[in-house]
Each structure stands twice: as structure tokens, then as C-alpha cells.
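Just so it is clear: in the sequence shown, position 107 is 107 by the UniProt record's numbering, and no numbers are missing.
Where is the CB? At the ideal position from N, CA and C, for every residue including glycine.
To start, the structure under review is shown below, and the notes come after it.
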Amino acid sequence: MANLMIRRNQEMTLRQGILKLTGEFHKEQMDYKEKCRSRIKNYLKISGLHMTEEEMDESIEGGNLFNTVSLMTAEKDKKLLFEDVKSRHEDIIKLEGSIRELHEMFQDLTMLVESQGEMADHIETNVISAKGLAFKALDNVKGAEAAKRRNIKLKIALTMCIVVGIIFIFFMGTTVFCVYFPFVCR
1 MANLMIRRNQ
11 EMTLRQGILK
21 LTGEFHKEQM
31 DYKEKCRSRI
41 KNYLKISGLH
51 MTEEEMDESI
61 EGGNLFNTVS
71 LMTAEKDKKL
81 LFEDVKSRHE
91 DIIKLEGSIR
101 ELHEMFQDLT
111 MLVESQGEMA
121 DHIETNVISA
131 KGLAFKALDN
141 VKGAEAAKRR
151 NIKLKIALTM
161 CIVVGIIFIF
171 FMGTTVFCVY
181 FPFVCR
């Protein structure tokens, strides 16, 4: 008897659990049905199709909603899908061409930067060379000025030597002349 009571209690507990789970399942099913109904309404609204609540309920209950909708939208969707794919393909081709052009631009820019780097190196070398030549020219100018002063001094000294030499020769010539021709020198 106690065994029978335990079984009945277990059976009662299991029935209550099953009823509770069935209720929760039914509630979840109704929530899911409402979510699906909302999504379908949005889809139909976006697609531009109109169905009444009864038609929607019949289609959902009968499981042929997608057959009904797909028959109505199949041709339209195919065309839209084809146009969308075609448009995307053209965009991808354009993008590919743009990427190719951008790649070529970067290559040209790289070559330009390299050549400008070489030019900058040449300019730097020429500036350094010009700086060295300018200092050398300054040294040459200073040397030329010193040589000019030295040459002027040499010319003055040479002129004085020549004048002294002429005077010396004149006096020597006069002395020699007076020695050989004494009658003239008196």
C-alpha cells in the first residue's frame, strides 16, 4: 500500500511537471509564432506585398507561407537579385581597376621619391663642392692680393734699383769721361 502511494505521488508529480513543460512549450511556441508573424509582416512590407491576417494565419498553419510568398515574389526577387549581383560585379570590377591605378600611383610615387632622393644627394654633393670651391676661391683672392702687394713692392724696389743704377752709371760714366777727357769736365 505504501508502495502504491509512492507511485501515485511520483505519477502526480510527473504529470504536473509534464503539464508545466507543455504550458511553457505552448507559451514559447506562441512567442515564436508572434516573432515569425512580425518578421513576415516586415518582409511583406519591404517586398511590397499585402496579405490579410487570415491569409497569413492560414499560410503559417498550413506551412505553405513561403510557397505562396515565393510564388508571388520569385520572379521579382530573381530580377532584383540578378541586378544586385550584376551591380556588385560591376562595382568590384571598378574597385579592382581603382586598386590597380592606386598601385601604379604608389609605384610612380616610389620611383619619384627615389629619383628625388638621388637628386637631393646630387644637390647636396654640389653644394658641398661649391662650398669647398668658394673657400678655395677666397684663399686664391687673398693670395692674389698678397701677390699684388708683393709685386708692387718689387716694382718699386726694382725701379729704385734701376734709378740708383742709372745714377751710378751716370756718375761712373762722368768720372770715366772726366778721366779720359779732363779738359771737358772743368
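Where Phe181 is concerned, there is no enclosing alpha helix (DSSP H), because DSSP gives it neither an H nor an E. When secondary structure is reduced to three states using DSSP, Thr52 falls in the coil class, being assigned neither helix nor strand. A distance of 8 Å or more separates the beta carbons of Met51 and Arg37. Judged by DSSP in its simplified three-state form, Met1 adopts coil rather than helix or strand.
Sequence-distant Cβ neighbours of Phe177 in its own chain, meaning closer than 8 Å and more than five residues away, are Val184 and Cys185. When the Cα atoms are used, Ile6 and Thr13 turn out to be separated by approximately 10 Å.
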